[in-house]
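> Protein chains in written order, with my numbering: chain G, 822 to 906; chain S, 822 to 906; chain P, 9 to 776; chain V, 9 to 238.
All C-beta atoms in this analysis are idealised placements derived from N, C-alpha and C, irrespective of residue type, glycine included.
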Ligand SMILES: Nc1ncnc2c1ncn2[C@@H]1O[C@H](COP(=O)(O)OP(=O)(O)O)[C@@H](O)[C@H]1O
Ligand SMILES: [Mg+2]
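1. Report yes or no: is there a C-beta of chain P within less than 8 Å of the C-beta of residue 220 of chain V?
2. Is residue 104 of chain P helix, strand or coil by DSSP?
3. Taking the CB atoms as reference points, tell me whether residue 462 of chain P and residue 530 of chain P lie closer together than 8 Å.
4. Please list the terminal residues of the continuous beta strand (DSSP E) segment that includes residue 365 of chain P.
5. Inspect the beta-carbon positions of residue 734 of chain P and residue 654 of chain P and report whether they are closer than 8 Å.
6. Quick check on the DSSP output: the alpha helix (DSSP H) that includes residue 294 of chain P runs from which residue to which?
7. Assign residue 246 of chain P to one of three DSSP states: helix, strand, or coil.
8. Which parts of the region 471-496 of chain P are runs of the alpha helix (DSSP H), unbroken and 4 residues or longer, counting only runs that do not cross its ends?
9. If you check the beta carbons only, do residue 454 of chain P and residue 150 of chain P fall under 8 Å apart?
10. Can you name, in chain order, every residue of its own chain whose Cβ lies under 6 Å from the Cβ of residue 390 of chain P, other than the five neighbours on each side?
11. Secondary structure at residue 21 of chain V, three-state DSSP: helix, strand or coil?
12. Closer than 7 Å: is that where the CB of residue 96 of chain P sits relative to any heavy atom of ligand 3?
13. Measure from the C-beta of residue 237 of chain P to each C-beta in chain G and report whether the shortest distance is under 8 Å.
14. What number of angstroms, rounded off, separates the C-alpha of residue 558 of chain P from the C-alpha of residue 189 of chain P?
15. Need the endpoints of the alpha helix (DSSP H) that residue 160 of chain V sits in, please.
16. Closer than 8 Å is the cut-off here; do at least three beta carbon pairs connect the region 90-107 of chain V with the region 196-216 of chain V?
17. Please confirm if residue 114 of chain V has its CB atom under 8 Å from at least one CB of chain S.
18. Please identify the residue among P/652, P/575, P/594, P/624 whose C-alpha is closest to the C-alpha of residue 611 of chain P.
19. Chain V partners of residue 442 of chain P, CB-CB under 7 Å?
20. So, with DSSP's three-state summary, where would you put residue 116 of chain P?
21. Going by beta-carbon coordinates alone, are residue 87 of chain P and residue 121 of chain P separated by less than 8 Å?
22. Using 8 Å for Cβ pairs, my map puts residue 827 of chain G next to residue 876 of chain G. What's the rounded Cβ distance?
23. Could you name the residues of chain S that residue 111 of chain V contacts, counting a contact when the two beta carbons are closer than 7 Å?
24. Could you give the DSSP three-state label for residue 241 of chain P: helix, strand or coil?
25. Can you list, in chain order, the residues of the region 152-168 of chain P whose Cβ is nearer than 7 Å to any Cβ on chain G?
26. Closer than 9 Å by beta-carbon distance: list the chain G residues that pair up with residue 252 of chain P, in chain order.
27. What does residue 114 of chain P touch in chain G if you count any residue whose Cβ is under 8 Å from its own?
28. For residue 737 of chain P, count the other beta carbons within 10 Å of its own beta carbon; 16 or more makes it buried, fewer makes it exposed. Which is it?
29. Tell me which residue opens and which closes the beta strand (DSSP E) that residue 155 of chain V is part of.
30. Is residue 13 of chain P buried or exposed, if buried means 16 or more other CB atoms sit within 10 Å of its CB?
31. Is the separation between the beta-carbon of residue 282 of chain P and that of residue 330 of chain P shorter than 8 Å?
32. Between the region 507-515 of chain P and the region 548-565 of chain P, do three or more beta carbon pairs fall short of 8 Å?
33. Just how far apart, CA to CA, sit residue 449 of chain P and residue 220 of chain V?
34. Quick one: which chain P residues come within Cβ less than 7 Å of residue 117 of chain V?
35. From residue 108 of chain P to residue 444 of chain P, what distance separates their C-alpha atoms?
36. Is the distance from the Cβ of residue 471 of chain P to the Cβ of residue 497 of chain P below 8 Å?
Listed below in structure tokens is the structure:
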């Protein structure tokens, strides 16, 4: 067994309203960042977990996303490759 | 001018209580993911912005983080290199 | 009539496509007859939404028509976005309840949140400022983790949305029962305050007046939510998952302020929210009410995504959008107000003399219907109604044939079991997440019999409450329908309010099943009887059918939203015992009815027997007598007996307000020959526990009213227990144990579950 | 005295603050629109509760950049009184008028309740009509009210008597049960170095009439009058 760090990116599903992204975009415009065309706000989750190998670690985290970390109805998730912690 | 996508990771300051991280860790344990030792929850922000080049795009987003996207008292931020959108 | 051609790229109309749109063969033929030709894809979409149960009321309209809707003070009955009643001083109350059951079953947080948003818009589009939110929720057993997940998500969705908009959530009810396992009920009610002269109706008028789309941009979300709300929950709804709507309470707040400013400005003639079936139903309903034609150009509708088809734009259920009919020439004034609130406004069409409902894509007509027939000519059904023999048998079963459990020898055990039954236990876990004090009008917040809100600038207050016991309705729909109204009336009366009017949300199963339609017809009949007897007309409501998870219908649940008026702030009365030494009196009759009781359900896991009798004249007499006593200034507290009967009611009078818990000495030994369980836990109606400093006066008032009223004990604030003398034993209940059972149950259940940390419930909650 | 109540697009306690000032205190109050630059000669500025910009991203993060805030910040820097209540507290912290930050409640739920706060220092501009140790019943209603700051900042606040209110139980003890959001050291309210900016999570403007549950908040506003009159 070894300790792995797996990073997960969770983003609002395309096509769904992203009120937070919209609010931040507007705010950035008023702050003078006119060049901004779009902002999406999601979650960044780092899981530290023991596992035999990176593959298994990533599979487990995929499970976690389906079960808890991401909302299957409103969000998409993406898992970065596991690294030794 | 070209369109760039810049990803930003915003994470709670080390040492600060992270109730979300703790709640998720506990939840994962109850769900049977015993191997999890630690979870950190942060924000993942994707900015789409027009810029002359990647460097300038990243500088601008750094500005945004200092001004608005991250709270210097409680959060650290990290910017990924800009990619063409 | 214009010439309408199929739109290039749109699918051809096939029987399969028609079926997908939920239209029967007969309904399709009706459509063809109305058009005198085959519909275009866009037209099929429009009709499938407008003829869905949710928008058309095709199975319920004839039955709803039997409800009483009139009283001198009713300013607006059913047919508008919300009902409106006058409360004097030139002021009026707008209120309405609506369901969001199916969306909440799929995505509890967003489903509940957008439900709150929709009902808010229904109220402020009448020109009223929302002053209170209520809700009525039904879930399966909390032992099921999916149910805990739904419960936590719905509560958070309700809270976050109302909290952000800044409307206090002040009352409601939450019931847990297996019958709702796969199909939770999420009904939200909004109450608003307006000046009578600011009342505005959603009625398109004035040929040439511009039609303006206001608020959020139109996206692809929630397309066909209306027909979605009209199907059984099944894999079908899973497929529609991505179609769920996401709410934005911040935009709603802007929309609320902008709409009220618009209405006051006099620049507009009508305003309506784009709710179910979005632009389609809002524009069609406004045209129909005004008996005018309208034309809309979808290319002028501000969209969130590029390349949206007319079909998508018309049927999108993107939230936080309004449709406004402005006065010709006032477009800029309207735009100015919206810009002030950072909202967009786009002229998308106009009111026309020609009696048609026309949709164009630029210059090309993509849909056209003959005038208001679009709304009025929808199908209407009166399906077969037959009572289920199984339920009849249950009703005829004898509750007293159910043998007592050995533990029941100790009545304290039974009482604690009932106090810790989630349906009876304190719901503070939920309403601590609702801001109930914003706007500082909340005199009695969640936890009382009904919520009480003072009306600024007057010496008046209103009392509001939602109620329904679905188990009664299941066992006897007619009686259950009566009781739902009577209990709601009793609850507001306990705070010192005269019951005025109701809104209602009829949550039933699939109406094409005879036993379901029987329940629907009978329950509405019972409601109507009670409304007539109690003088509380129906000013509006909502129907939600097809509440079934594979195989099984939910308990028929006609939720009543009652509004009462308190003429003098001095009459506001609380539910819990207040003063040491007060006499405890019981209004109403002890009949010891156990049928359909919480006792049978919780202690014996049995749902059987006839629900308690509901004598409407007695209900009226008891309410009137109680109000007379309250107005006489001799009532310290009043609390009605409902779930769990007199035993639970007395315990609540002692410990519901945990910080100020106090005891009482009660003597019920007079009811000889009645088993303890019937005395304590029977749920006979029309009973109210009153504490008073002047029992003689109260007894005399009751006597004159011909209402039985008996002194049953004394308030002992300093005592640490509730003592009840029973016919053949004495129950001595330590307050700490009662309080623990009542207050700690739901928090401990919810804390042992991970579900309430799922991330969709960790979405934005912020400060206030 | 003239109170200016700032209205951000998502403010929803501006109305309550306005009524507390005009109806209960009997003083003059004006609403200040977030897009304006004019404080209309207000002596005291109130940043009210609500969800200024939906509180997306972080509560108060966006509001601090609205035009009126430049004036409010100048007003505060000139030593004039500013009160940040709930969302207003968060905005004041984001704007740097007060140290620290308000993070999501430790139990992760929105909390709406009548809490008890103990008056920690009675010689401030905002508490001189209270006694040290007074227990006030005041409502809270927030999801991000957990006050955090670095240990040395916290020590500084305490040593300089700038912790004005703490969450306490009915006996006045600073138990963790009495702490509705997990704030460090039970802190419910603080003042700025100059003592002229108050930030607090509880809602004194909602505690100005026994009819709605408490009138313990009135003396906070009266304190300002008393001090300025003196
Ligand atoms: N159960 C009911 N009793 C009386 N009126 C009802 C009932 N259900 C719906 N209505 C009325 O029918 C009209 C349309 O209802 P609904 O479709 O829920 O309105 P909305 O368009 O706001 O969703 C409303 O005026 C409503 O008050
Ligand atoms: Mg409506």
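Answer, in terms of the structure:
1. yes
2. strand
3. no
4. 364-369
5. no
6. 286-298
7. Interpretation of residue 246 of chain P is limited by its pLDDT of 40, a score under 50 that renders its predicted location unreliable; no figure is taken from the coordinates.
8. 478-483
9. no
10. 70
11. coil
12. As for ligand 3, it is missing from this structure, which binds only ligand 1 and ligand 2.
13. Any answer about residue 237 of chain P is weak, because its pLDDT of 48 lies below 50 and its placement is not dependable; what the coordinates show is given next. Output row for residue 237 of chain P: interface = no.
14. 11 Å
15. 159-167
16. yes
17. yes
18. P/652
19. 120
20. helix
21. no
22. Actually they do not touch by this definition, with Cβ atoms about 11 Å apart.
23. 895
24. In this prediction, residue 241 of chain P has a pLDDT of 49, which is less than 50 and means its spatial position is unreliable; nothing more can be read from the coordinates.
25. none
26. 837, 894, 895
27. 894
28. exposed
29. 154-156
30. exposed
31. yes
32. yes
33. 7 Å
34. 441
35. 22 Å
36. no
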